[in-house]
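Visitor: Structure in structure tokens, see below.
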Amino acid sequence: MKPTLLCLFAATLSGCSLLPMIQTGGAAGGGYDGDECNEVRQTEALAQEAHGSGSVEVAKTPRERALVALCPELPFDAHDAAGRGYAGTRYQRRSLPRPEDIHADFDLRHPTMLDATSLMFAVVQPGRDRRHLHGHTGPLTIEKPFGNERAEREETAVGMAAVYASFLDDGALDRELAATQLPAEARQHYKAQVQAAKQNVDALLAAMTPTVRKVVYEIPLHIAQDLRKEYEAKKNFGARLDVLATQADEARKGGGNPSKVAQELTQLRSDVVTVCGATEECTYHPLYAEITHELATLYVATKQVDLARAESALLTRKDSMKRTFQPAVYAAQYEAGERSTKALQAKKSASKLDPKLAKAMDADAPVSFSFADFFQAGSSLPFLASALGEGNPTPVSGYVQAVSRKGDKSLVEFKTEYQSVDVPTNCYTTGRIARIQSDGRIEYEENCQYRTERQALPKPEPILIPSREAAGIKPGELVRIWGSKDGVVEQVHETKNGGLALVQLRGDRVRGEKAERPQKSSAGTSAAPKDPRPADAPPAPASTGPIAREAGRLAR
Numbered sequence: 003m004k005p006t007l008l009c010l011f012a013a014t015l016s017g018c019s020l021l022p023m024i025q026t027g028g029a030a031g032g033g034y035d036g037d038e039c040n041e042v043r044q045t046e047a048l049a050q051e052a053h054g055s056g057s058v059e060v061a062k063t064p065r066e067r068a069l070v071a072l073c074p075e076l077p078f079d080a081h082d083a084a085g086r087g088y089a090g091t092r093y094q095r096r097s098l099p100r101p102e103d104i105h106a107d108f109d110l111r112h113p114t115m116l117d118a119t120s121l122m123f124a125v126v127q128p129g130r131d132r133r134h135l136h137g138h139t140g141p142l143t144i145e146k147p148f149g150n151e152r153a154e155r156e157e158t159a160v161g162m163a164a165v166y167a168s169f170l171d172d173g174a175l176d177r178e179l180a181a182t183q184l185p186a187e188a189r190q191h192y193k194a195q196v197q198a199a200k201q202n203v204d205a206l207l208a209a210m211t212p213t214v215r216k217v218v219y220e221i222p223l224h225i226a227q228d229l230r231k232e233y234e235a236k237k238n239f240g241a242r243l244d245v246l247a248t249q250a251d252e253a254r255k256g257g258g259n260p261s262k263v264a265q266e267l268t269q270l271r272s273d274v275v276t277v278c279g280a281t282e283e284c285t286y287h288p289l290y291a292e293i294t295h296e297l298a299t300l301y302v303a304t305k306q307v308d309l310a311r312a313e314s315a316l317l318t319r320k321d322s323m324k325r326t327f328q329p330a331v332y333a334a335q336y337e338a339g340e341r342s343t344k345a346l347q348a349k350k351s352a353s354k355l356d357p358k359l360a361k362a363m364d365a366d367a368p369v370s371f372s373f374a375d376f377f378q379a380g381s382s383l384p385f386l387a388s389a390l391g392e393g394n395p396t397p398v399s400g401y402v403q404a405v406s407r408k409g410d411k412s413l414v415e416f417k418t419e420y421q422s423v424d425v426p427t428n429c430y431t432t433g434r435i436a437r438i439q440s441d442g443r444i445e446y447e448e449n450c451q452y453r454t455e456r457q458a459l460p461k462p463e464p465i466l467i468p469s470r471e472a473a474g475i476k477p478g479e480l481v482r483i484w485g486s487k488d489g490v491v492e493q494v495h496e497t498k499n500g501g502l503a504l505v506q507l508r509g510d511r512v513r514g515e516k517a518e519r520p521q522k523s524s525a526g527t528s529a530a531p532k533d534p535r536p537a538d539a540p541p542a543p544a545s546t547g548p549i550a551r552e553a554g555r556l557a558r
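This is the structure we're talking about:
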């Protein structure tokens with residue numbers, strides 16, 4: 003993405019004047035300089051010894067992040083061993099995370115005001131020494147908007163900072179600042195910093211072209227607003243999930259009642275599907291993904307292998323996370339960016355044919371984008387059950403012959419499947435040389451007649467599954483089960499229009515919205531979906547977000 007011309011017209015039309023950044027304090031951070039600042043600064047002795055080259059780590063706690071935003075890097079006068087005087091600086095030994103990392107960890111259902119403001123500060127805080135923040139040597143300003151390293155994502159960072167600024171809540175910010183136990187004066191300075199940063203974000207946003215502003219700001223803003231409305235509409239489910247998530251976390255640490263928590267989480271997921279309308283699309287709801295993640299990590303922690311695999315498999319399916327915030331934003335921005343890039347290419351081609359035609363195509367001022375311009379996020383998670391170290395398991399898969407209930411368990415029996423094989427008969431050699439082997443042996447051409455035989459394929463042994471999961475399964479449906487003699491259902495499909503339509507995930511029956519013919523690779527397994535990104539693009543990233551962050555930790 004080309005850097006946007008950031009030129010703002012003054013109130014008079016006599017010329018173009020640049021809007022200065024709003025300064026709120028010292029050389030870095032704000033104007034606050036309490037003793038607490040030493041928690042994120044080098045000592046004078048260390049600064050004198052290292053001449054400002056000490057190690058810098060990302061601030062992890064809310065208190066540290068607030069102090070990094072508040073506290074200036076402190077200049078001082080010192081003398082070296084020879085008695086020569088020089089000016090030194092006590093640099094900060096903590097930094098704010100990169101904007102894309104703050105975004106990746108952001109929980110839209112429970113937005114944290116300190117995270118939202120940290121993103122604003124990481125992008126636009128005036129006067130910050132940004133050597134430790136993705137290559138910048140100075141702050142983002144109207145005069146010098148974009149740094150050299152990672153410049154392609156700066157406009158995305160500004161847009162996302164504006165999105166987060168749009169749902170800042172003063173009351174929530176006050177409560178979070180009070181929880182840091184910083185003095186009242188520091189908290190007031192922080193809130194002043196927030197207002198200054200918001201004005202800077204607004205100025206940078208206003209200076210963007212309409213196309214760039216739409217892609218980096220309006221698209222994620224609308225997605226965030228829609229998701230927040232959806233969460234509000236299902237706040238009762240969210241409240242139940244919050245309680246169960248706390249209990250699940252306790253169970254993962256060895257306390258509580260894991261079985262009861264898992265049972266209630268499973269029921270909650272079923273309720274979400276039912277209220278949603280029990281369609282396949284309901285299984286992509288953000289709450290569905292969040293509940294499934296809670297179940298998968300709970301089963302991994304309690305070493306319930308088959309259940310862990312079944313739940314993990316739901317999260318690895320294509321687009322399982324597509325409606326969560328970060329993947330939804332990335333997919334929409336990528337699609338809009340691709341349209342804009344194609345429009346720009348078309349305009350360039352038209353200009354070679356007819357300048358008037360090119361001008362007519364310039365209404366939306368198309369801009370060239372790359373996949374690297376955005377905060378990338380994949381639409382599925384890794385297989386969390388691999389953390390159990392059980393090798394490379396495969397589920398049982400086959401067409402159902404019959405299901406018979408035996409109390410709280412049901413026995414699934416499978417059909418015998420057949421394949422047609424061409425068998426050679428009446429073969430004879432022609433005397434013509436077909437090839438000569440490297441050891442000198444001669445192979446002659448052979449002609450055969452063929453007849454088609456119907457051969458039975460090996461079928462799975464009958465397997466017991468929970469009767470709750472078996473209740474809706476019908477003969478002829480294709481089931482996928484984790485386990486051997488006693489297992490659990492992952493998913494069920496029915497044959498429809500020559501393809502397969504999803505009708506069940508775990509114990510929840512759904513209406514498959516489309517039937518797809520299963521693609522087969524040379525090994526006979528389902529082929530991976532084609533990656534729509536350019537051939538020169540890096541591998542598709544894992545999904546990001548608070549769920550994905552915990553998933554990555556678990557998978558490691």
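Going by the numbering used here, the sequence shown opens with residue 3, and the numbers climb by one from there.
The beta carbon of each residue, even a glycine, is placed where N, CA and C say it ideally should be.
Bear in mind that the values here come from a model prediction, so they are computed numbers and not experimental data.
#1: To the nearest angstrom, how far is the alpha carbon of Lys476 from that of Ser406?
#2: What did DSSP end up calling His287 once you bin it into helix, strand or coil?
#3: Give me the Cα-Cα distance between Asn40 and Val160, rounded to the nearest whole angstrom.
#4: Please go through the same chain and pick out, in chain order, the residues whose beta-carbon is closer than 8 Å to the beta-carbon of Val302, but skip the five residues on each side of it.
#5: Measuring alpha carbon to alpha carbon, tell me which residue in Gly173, Leu72, Cys284 is nearest Ala194.
#6: Go ahead and pull the three-state DSSP assignment for Thr431.
#7: Return helix, strand or coil for Tyr34, following the three-state DSSP convention.
#8: So, are the CB atoms of Leu297 and Leu267 less than 8 Å apart?
#9: Output needed for His1: all residues of its chain with C-beta closer than 6 Å, excluding positions within five of it in sequence on either side, in chain order.
#10: Quick one, which of Ala61, Glu59, Gln506 has its alpha-carbon nearest Cys284's?
#11: Would you list the residues sitting across from Gly2 in a DSSP beta bridge?
#12: What three-state label does DSSP hand Leu69 in the structure shown?
#13: Give the C-beta separation of Gly240 and Arg325 to the nearest angstrom, bearing in mind that I take them to be a contact with Cβ-Cβ under 8 Å.
#14: In terms of residues, what are the limits of the alpha helix (DSSP H) holding Thr318?
#15: Mind checking which residues open and close the alpha helix (DSSP H) that includes Thr248?
#16: Tell me whether Asp103 sits in a helix, a strand or coil according to DSSP, three-state version.
#17: Go through its chain and collect everything with a Cβ distance to Leu270's Cβ below 7 Å, but skip five positions before and after it.
#18: Quick one: which unbroken alpha helix (DSSP H) runs of 4-plus residues sit fully inside the region 462-501? Chain order, please.
#19: Where do the ends of the beta strand (DSSP E) carrying Ser406 lie?
#20: Which residues does DSSP pair with Asn449 in a beta bridge?
#21: Closest by CA to Ile435, which one among Glu447, Val425, Asp441, Arg443?
#22: Kindly identify the DSSP beta-bridge partner or partners of Ile444.
#23: Check for me: the alpha helix (DSSP H) holding Phe416 runs from which residue to which?
#24: With which residues is Thr454 paired in a DSSP beta bridge?
#25: Taking the C-alpha atoms as reference points, what is the distance between Gln249 and Tyr192?
#26: How many whole angstroms separate the CB atoms of Thr299 and Pro260, which I take to be in contact at a CB cut-off of 8 Å?
#27: Would you grab the beta carbon distance between Ala174 and Met115 for me? Rounded to a whole angstrom, and I think it's under 8 Å.
#28: Return the CA-CA distance between Lys349 and Ala226, expressed in angstroms with no decimal places.
#29: Once the 5 residues before and after Val165 are set aside, which same chain residues still bring their CB inside 8 Å of it?
#30: Mapping DSSP to helix, strand and coil, what is Asp117?
#31: So, Leu459 versus Tyr401, is the Cβ gap smaller than 8 Å?
#32: Which residues bound the alpha helix (DSSP H) around Glu1?
#33: Helix, strand or coil: which one does DSSP assign to Arg43?
#34: Is the distance from the Cβ of Pro397 to the Cβ of Ile483 below 8 Å?
#35: Please classify Gln493 as buried or exposed, where buried requires at least 16 other C-beta atoms within 10 Å of its C-beta.
#36: From the DSSP output, in three-state form, read off Ala186 for me.
Guide: According to the structure data:
#1: Position 474 of the sequence shown holds residue 476. Position 404 of the sequence shown holds residue 406. Cα-Cα distance, rounded: 11 Å.
#2: Residue mapping note: residue 287 aligns to position 285 of the sequence shown, counting from 1. In the structure shown, His287 sits in coil (DSSP, three-state: anything other than H, G, I, E or B).
#3: Indexing the sequence shown from 1 puts residue 40 at position 38. Indexing the sequence shown from 1 puts residue 160 at position 158. The alpha-carbon of Asn40 is positioned some 30 Å away from that of Val160.
#4: Counted from its first residue, the sequence shown places residue 302 at position 300. The residues are Ala310, Ser314, Leu386, Ala387, Ala389, Leu390, Leu556.
#5: To locate residue 194, count along the sequence shown from 1; it is residue 192. Here the closest residue by C-alpha is Leu72.
#6: Mapped onto the sequence shown, residue 431 falls at position 429. DSSP places Thr431 in strand when its eight states are reduced to three.
#7: Walking along the sequence shown from the start, residue 34 turns up at place 32. Tyr34: coil per DSSP, three-state reduction.
#8: Your numbering for residue 297 matches position 295 in the sequence shown. Your numbering for residue 267 matches position 265 in the sequence shown. Their beta carbons are under 8 Å apart, which means Leu297 touches Leu267 by this criterion.
#9: Any property of residue 1 remains undetermined from this structure, which presents the chain solely from 3 to 558.
#10: Within the sequence shown, numbered from 1, the residue matching residue 284 stands at position 282. Nearest C-alpha to Cys284: Gln506.
#11: Because residue 2 is not part of the residues shown, which for the chain are 3 to 558, the question remains open.
#12: Indexing the sequence shown from 1 puts residue 69 at position 67. The answer is helix: DSSP assigns Leu69 an H, G or I state.
#13: On the sequence shown, position 238 is the one that residue 240 refers to. On the sequence shown, position 323 is the one that residue 325 refers to. 15 Å between Cβ atoms; not a contact.
#14: Taking the first residue of the sequence shown as position 1, residue 318 is located at position 316. Where Thr318 is concerned, the enclosing alpha helix (DSSP H) stretches over 307-318.
#15: Locating residue 248 in the sequence shown gives position 246, where the first residue counts as 1. Looking at the DSSP string, the run of the alpha helix (DSSP H) that includes Thr248 is 237-254.
#16: The sequence position of residue 103 within the sequence shown is 101, counting from 1. In this structure, Asp103 counts as helix in the three-state DSSP scheme.
#17: On the sequence shown, position 268 is the one that residue 270 refers to. Leaving aside the five residues that flank Leu270 on each side, the residues in its chain whose CB is nearer than 7 Å to its CB run, in chain order, Phe239, Arg242, Leu243, Leu246, Ile293.
#18: 469-472
#19: By one-based count along the sequence shown, residue 406 stands at place 404. Here the beta strand (DSSP E) through Ser406 covers 398-408.
#20: As a working mapping, residue 449 is identified with position 447 in the sequence shown. For Asn449, which the question treats as bridged, DSSP gives the partners Tyr430.
#21: On the sequence shown, position 433 is the one that residue 435 refers to. For the options Glu447, Val425, Asp441, Arg443, the alpha carbon positioned closest to that of Ile435 is the one of Glu447.
#22: Here residue 444 refers to the residue found at position 442 when the sequence shown is read from its first residue. DSSP lists Ile438 as partners of Ile444.
#23: To locate residue 416, count along the sequence shown from 1; it is residue 414. Phe416 -> not in any alpha helix (DSSP H); beta strand (DSSP E) instead, spanning 411-416.
#24: Walking along the sequence shown from the start, residue 454 turns up at place 452. Looking at the DSSP assignment, Thr454 forms a beta bridge with Asp424.
#25: The residue given as residue 249 occupies position 247 in the sequence shown. The residue given as residue 192 occupies position 190 in the sequence shown. C-alpha separation (whole angstroms): 34 Å.
#26: One-based indexing of the sequence shown puts residue 299 at position 297. One-based indexing of the sequence shown puts residue 260 at position 258. The Cβ separation is near 11 Å, so there is no contact.
#27: Along the sequence shown, one-based indexing puts residue 174 at 172. Along the sequence shown, one-based indexing puts residue 115 at 113. That pair is a contact at about 5 Å.
#28: Locating residue 349 in the sequence shown gives position 347, where the first residue counts as 1. Locating residue 226 in the sequence shown gives position 224, where the first residue counts as 1. Lys349 and Ala226: Cα-Cα distance of roughly 32 Å.
#29: As a working mapping, residue 165 is identified with position 163 in the sequence shown. Once the five neighbours on either side are set aside, the close Cβ partners of Val165 are Tyr219, Pro222, Leu223, Ala226.
#30: Counted from its first residue, the sequence shown places residue 117 at position 115. Residue state, collapsed to three classes: helix.
#31: For the purposes of this step, residue 459 is taken as the residue at position 457 of the sequence shown. For the purposes of this step, residue 401 is taken as the residue at position 399 of the sequence shown. Pairing Leu459 with Tyr401 gives a Cβ-Cβ distance that is not under 8 Å.
#32: The structure shown does not extend to residue 1, since the chain spans only 3 to 558, so no value can be given for it.
#33: For the purposes of this step, residue 43 is taken as residue 41 along the sequence shown, with counting starting at 1. Reduced to three states, the DSSP call for Arg43 is strand.
#34: As a working note, residue 397 is residue 395 in the sequence shown. As a working note, residue 483 is residue 481 in the sequence shown. Going by C-beta atoms, Pro397 is nearer than 8 Å to Ile483.
#35: Counting from 1 along the sequence shown, the entry for residue 493 is found at position 491. Counting Cβ neighbours within 10 Å, Gln493 comes out buried, since at least 16 surround it.
#36: Here the question's residue 186 lines up with position 184 in the sequence shown. Helix at Ala186.
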